[in-house]
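Below is one structure, written out as structure tokens; the observations come after it.
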Amino acid sequence: MTLGMYHTDTLSCLNNLAMLLQARGKLQEAELYLGHAVKGSLAGLGPDHPDTITSLNNLGMLLRSAGRPTEAEALYRRALLAAEARLGPAHPSSLTTLNNLAVLLLATGRLAEAEPLLRRTLTGRVAAFGPAHLDTLNAMNNLAAVLQADRRLAEAEPLFRAVVKGCEASLGPSHPHTLTAVANLAAVLRDTGRAAQAEALFRRVLAGREAALGAEHPAVAATREELEALVEAEASKAAPGFPPRAYPSSLPTRSLPVGARASGAGGTGPGSAEAARFGSLPRGGGAAWERPPPPRQVSLPPLNKGAAARRGQKASPSAASAPSPSSSPSPLRPSPSSARPRSLPRPP
-12 MTLGMYHTDT LSCLNNLAML LQARGKLQEA ELYLGHAVKG SLAGLGPDHP DTITSLNNLG
48 MLLRSAGRPT EAEALYRRAL LAAEARLGPA HPSSLTTLNN LAVLLLATGR LAEAEPLLRR
108 TLTGRVAAFG PAHLDTLNAM NNLAAVLQAD RRLAEAEPLF RAVVKGCEAS LGPSHPHTLT
168 AVANLAAVLR DTGRAAQAEA LFRRVLAGRE AALGAEHPAV AATREELEAL VEAEASKAAP
228 GFPPRAYPSS LPTRSLPVGA RASGAGGTGP GSAEAARFGS LPRGGGAAWE RPPPPRQVSL
288 PPLNKGAAAR RGQKASPSAA SAPSPSSSPS PLRPSPSSAR PRSLPRPP
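What the sequence shown shows, in my numbering, is residues -12 to 335, in sequence order.
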């Protein structure tokens, strides 16, 4: 039995395979499959079908991971226009795409453009899910990251504290997203002169990541470098003439698809997905979660369902259902709320 190129199950398989390849760092192969999914969705389902919106969002995420932000932005904006027109601006899929566009703007330094989008995302998610939902915490984290990057630390701190509290309550104190939120808060405390409090939090993050990943993992090394730089800076104040080491400034800002794949700044080497899952601590900016939509479960029709199923007829818009956000996070996750294998999230 052949379903055909434009059947929704075929297109979902393309999406899911591409997400798997992307998670394994095979970005070129993933782009090929996602490109086919986008073309098939546009031709077979139409430009405003929920599955088309998902494919556009996923391809945008991949291009951003590949270091092609201009192309990614165009896809995000196209997906956002379609989602808001078809589903409404308050629909979870519209808010996910809005979040992902804002995370990209944050990553490219366009803070004034990113902030209002993230405020819309946060307001929409509070209304839809409540203040304690992980998608809401995702948006809160990302807005705090914008404020932190803009050096509005007094505004960022209460948001990061709320994210830490929410993650601890929902995920536990040692979850990667919780540790990401703690690291973001520690960076704010460090930059506002509260070194002792910041050091305690950085030590907590380091211990949690060492326990999960091992002492030699790149994510652990990045956290250790942050902590050592802080300790040396404080030592230099007590011993004039001792040159302090500068805080790391070249670490990438992470965007994390909630509960799914995580990617750093295009890293594809061994362990890069796991390292990005814990994130690094860029100076002057928190880690944002980029949120992809959840994967679609594909079930093939039985062989006796008739000719229509065998031909894989084009799905009608009324029969299509938009992807619903997952209840599990990503960075916090970027993540910057934050699609999973058939994504449309969220995670420092």
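For every residue, glycine included, the Cβ atom is placed at its ideal position computed from N, Cα and C.
Values in this document were obtained by computation on a predicted structure and should not be read as measured data.
Count the other CB atoms, across all protein chains shown, that sit within 10 Å of the CB of P79; report buried if there are 16 or more and exposed otherwise. Classification for P79: buried.
Mind pulling the alpha helix (DSSP H) runs of 4 or more residues that sit fully within the region 164 to 221? Runs of the alpha helix (DSSP H) inside the region 164 to 221: 182 to 200.
Helix, strand or coil for T39, going by three-state DSSP, please let me know. Reduced to three states, the DSSP call for T39 is helix.
Within 10 angstroms of its Cβ, does P163 collect 16 or more other Cβ (buried), or is it exposed? Taking all protein chains in view, the Cβ of P163 is crowded by 16 or more other Cβ atoms within 10 Å, so the residue is classified as buried.
Do the CB positions of D35 and R73 come within less than 8 Å of each other? Yes, they are a contact pair.
Classify D137 as helix, strand or coil using the three-state DSSP reduction. Three-state DSSP puts D137 in coil, outside helix and strand.
If the criterion is Cβ atoms closer than 8 Å, does the pair E18 and L(-2) meet it? Between E18 and L(-2), the CB-CB gap reaches or exceeds 8 Å.
Starting from H23, follow the alpha helix (DSSP H) in both directions and report where the run begins and ends. 14 to 31 is the span of the alpha helix (DSSP H), which, as asked, contains H23.
Taking the alpha carbon of L21 as the point to measure from, which residue in L(-10), E197, L214, L4 has its own alpha carbon closest? Out of L(-10), E197, L214, L4, L4 has the C-alpha closest to the C-alpha of L21.
To the nearest angstrom, how far is the alpha carbon of L193 from that of E203? The straight-line gap from Cα to Cα measures roughly 12 Å.
Buried or exposed for R138, going by 16 or more other Cβ atoms inside 10 Å? A residue is called buried when at least 16 other Cβ atoms come within 10 angstroms of its Cβ; R138 does not meet this threshold and is exposed.
Along the chain, where does the alpha helix (DSSP H) containing M6 start, and where does it finish? That run of the alpha helix (DSSP H) goes -5 to 10.
Check whether L188 and G153 have beta carbons under 8 Å apart: In this structure, L188 sits away from G153, with a CB-CB distance that is not shorter than 8 Å.
Identify the continuous alpha helix (DSSP H) that holds L(-10) and give its terminal residues. Neither: L(-10) is in no alpha helix (DSSP H) and is coded neither H nor E.
Whose CA, out of A69, A53, L29, lies closest to the CA of K336? Shown here, the chain extends from -12 to 335; a query on residue 336 therefore has no answer.
Just how far apart, CA to CA, sit R97 and E60? Answer to the nearest angstrom: the Cα atoms are 12 Å apart.
DSSP on T110, reduced to helix/strand/coil? Residue state, collapsed to three classes: helix.
Under 8 Å, do R112 and L130 count as touching if we go by C-beta distance? No.
Suppose you measure from the CA of P282 to the CA of M127; what does that come to, to the nearest Å? With a pLDDT of 41 at P282, under the threshold of 50, the predicted position of this residue should be treated as unreliable, though the coordinate-derived value follows. Distance from the CA atom of P282 to the CA atom of M127, rounded to whole angstroms, is 24 Å.
Under 8 Å, do L140 and A182 count as touching if we go by C-beta distance? Contact: no.
Put S161 into one of helix, strand or coil per three-state DSSP. DSSP places S161 outside both helix and strand once states are collapsed to three, so it counts as coil.
Member of N2, L8, S157 whose CA lies at the smallest distance from the CA of A24: Scanning N2, L8, S157 for the CA closest to the CA of A24 turns up N2.
DSSP-derived helix/strand/coil call for S73: The sequence as given places Arg at residue 73; Ser does not occur at that position. In the displayed model, R73 falls within a helix according to three-state DSSP.
Apart from the five residues just before and just after Q66, which ones in its own chain have a Cβ nearer than 6 Å to its Cβ? Checking the sequence, you will find Ala at residue 66 rather than Gln. Correct list, in chain order: I40, L43, N44, T84.
Assuming L93 and A101 make a contact with CB atoms under 8 Å, what is their CB distance in whole Å? Rounded, the Cβ-Cβ distance is 4 Å, consistent with contact.
Counting only the same chain and skipping the five closest in sequence on each side, list residues whose C-beta sits under 6 Å from that of V210. Per the sequence presented here, residue 210 reads as Thr, with Val not at that position. These residues qualify, in order along the chain: V192, L193, R196.
Anticipated Cβ contact below 8 Å, T108 with N86, distance rounded: Rounded, the Cβ-Cβ distance is 5 Å, consistent with contact.
DSSP-derived helix/strand/coil call for R97: Annotated three-state conformation of R97 is coil, per DSSP.
Here's the rule: buried if 16 or more other CB atoms are within 10 angstroms of the residue's CB, otherwise exposed. What is N171? N171 is buried by the Cβ-count criterion.
Through-space distance from G47 to L91, alpha-carbon basis: Our two residues, L91 and G47, have alpha carbons roughly 10 Å apart in a direct line.
Rounded to the nearest angstrom, what separates L104 and M(-8) at their Cα positions? Cα-Cα distance, rounded: 35 Å.
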